[in-house]
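Here's the structure we're looking at; comments come further down.
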Amino acid sequence: MGNIPSVLLNQYAYIEQADYVLVESVYGDRIHEDNSERSLILKKALKDTIERQSTLLIPTFAIERTQDLIYEMNDLVTNNDGSGKRLGRVGEIDVYLDSPMGIEVTKVFRKYTQYLNESARKHAKNDEIFQFPFFTMTSSTEESMEINTAPNPKVIMAGAGMSTGGRILYHEERYLENPDNIILFVGHQVAGTTGYAIKEGDTPIYIHGSPVENNIEKRVIDGYSGHADQAMLLNWLSEFQTNPEKVFIVQGDKAASEALAHKARHVLGYKTCVPRPNELVSL
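Just so you know, we're using our numbering here: the sequence shown kicks off at 647 and counts up by one.
In structure tokens form, the structure reads like this:
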């Protein structure tokens with residue numbers, strides 16, 4: 647459904663009438679950090695990486711998450727305190743977007759800035775919001791491999807967001823063993839994925855068939871997720887003018903789905919259902 651308020655996009659619309667509703671529940675049992683809190687966590691990760699002269703890995707989803715991070719880091723890396731922009735300077739650090747799909751999506755965002763929200767459009771008039779000094783987009787395999795020899799400190803954003811494939815695996819293979827390095831998770835990690843195993847501290851992590859010691863420092867920011875949290879989901883559900891006949895709670899781990907269903911029943915008075923896999927429901 648989307649995470650609001652977005653630094654780039656307009657808020658989603660509400661629906662006033664529906665007989666049946668399907669609503670996601672990825673974060674149905676928790677509340678995200680707000681934008682200021684998530685920016686502070688990102689800022690600290692950047693500062694710590696600079697102080698340690700190490701590497702910050704960010705497994706990144708290509709659509710919206712990548713662009714949000716570029717937009718935030720533009721201010722963090724290049725703008726001085728007192729500039730009138732939202733965040734203060736952290737210092738010089740090379741930032742690499744090593745995601746062919748993320749690069750292509752970023753080009754779309756740059757081309758169609760008229761569809762961004764008012765705040766982002768204002769910034770876009772005075773600044774190239776998706777490009778800044780120390781920021782490099784690496785499309786080719788050769789460019790990606792050159793990141794290995796680039797000096798620290800550096801930030802590497804690469805897909806896949808749950809480390810299920812893509813270039814992030816090559817970087818994790820190289821950087822997971824060093825405890826001075828940091829991996830920053832900015833999206834949900836599904837159980838059974840490599841990203842989840844890294845986040846939970848499992849070791850060794852098997853990447854491309856080889857064991858890698860998982861010594862890297864792990865940090866998490868839920869506030870960059872593309873999914874709404876429990877409060878946002880309940881707010882969206884509360885806007886129906888008349889109660890739907892039933893609300894189906896889908897797309898979430900069992901605990902998250904059941905927590906949201908409980909809230910929707912007891913706070914909003916809705917009839918809810920958390921369907922089981924392959925369950926058939928008669929309407």
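We treat Cβ as the ideally placed atom computed from N, Cα and C, and that holds for glycine.
Review point. Cβ of residue 679 versus every heavy atom of the ligand ADP: is any distance shorter than 7 Å?
Key: The ligand ADP is not part of the structure shown, which contains no ligands of any sort.
Point to revise | Rounded C-alpha distance that separates residue 895 from residue 676 | key: Numbered from its first residue, the sequence shown carries residue 895 at position 249. Numbered from its first residue, the sequence shown carries residue 676 at position 30. Approximately 15 Å, taken between the alpha carbons.
Review point. Relative to the alpha-carbon of residue 858, which residue among 740, 806, 865, 819 has its alpha-carbon at the smallest distance?
Key: Stepping through the sequence shown from its first residue, residue 858 is reached at position 212. The residue with the shortest Cα to Cα distance from residue 858 is 819.
Check your understanding: What's the C-alpha gap between residue 898 and residue 722?
Key -> As a working note, residue 898 is residue 252 in the sequence shown. As a working note, residue 722 is residue 76 in the sequence shown. Between residue 898 and residue 722, the C-alpha separation is close to 33 Å.
Check your understanding: Do you know how far the Cα of residue 656 is from the Cα of residue 689?
Key -> By one-based count along the sequence shown, residue 689 stands at place 43. By one-based count along the sequence shown, residue 656 stands at place 10. For residue 689 and residue 656, the distance between alpha carbons rounds to 24 Å.
Check your understanding: Can you pull the DSSP bridge partners for residue 658?
Key -> The sequence position of residue 658 within the sequence shown is 12, counting from 1. For residue 658, which the question treats as bridged, DSSP gives no partner whatsoever.
Exercise for review: Just grab the DSSP bridge partners of residue 666 for me.
Suggested key: Sequence index remark: in the sequence shown, residue 666 carries index 20 (1-based). Paired residues: 892.
**Study point:** Unbroken beta strand (DSSP E) run spanning residue 776, endpoints
**Key:** Here residue 776 refers to the residue found at position 130 when the sequence shown is read from its first residue. Per DSSP, residue 776 belongs to no beta strand (DSSP E) and is neither H nor E.
Check your understanding: Mapping DSSP to helix, strand and coil, what is residue 726?
Key -> Along the sequence shown, one-based indexing puts residue 726 at 80. Residue placement at residue 726 is poorly supported in this model, since its pLDDT is 46, which falls under 50; the coordinates still yield a value, given next. Looking at residue 726 - three-state DSSP - the assignment turns out to be coil, as it is neither helix nor strand.
Point to revise | Top-ranked residue by Cα proximity to residue 917, from 904, 775, 926 | key: Looking up residue 917 in the sequence shown gives position 271. Comparing Cα-Cα distances from residue 917 to each of 904, 775, 926, the minimum goes to 904.
Point to revise | Test item: CB-CB of residue 745 and residue 787 under 8 Å | key: Locating residue 745 in the sequence shown gives position 99, counting from the first residue. Locating residue 787 in the sequence shown gives position 141, counting from the first residue. No; because the gap between Cβ atoms is not below 8 Å, this pair is not in contact.
Exercise for review: Determine the closest residue to residue 662 out of 901, 886, 893, with distance taken between C-alpha atoms.
Suggested key: As a working note, residue 662 is residue 16 in the sequence shown. Among 901, 886, 893, the Cα nearest to that of residue 662 belongs to 886.
Review point. Residues in its own chain within less than 8 Å of residue 793 by CB, not counting five upstream and five downstream?
Key: As a first step, residue 793 must be located in the sequence shown, where it is residue number 147. Here the set comprises 742, 744, 784, 800, 802, 817.
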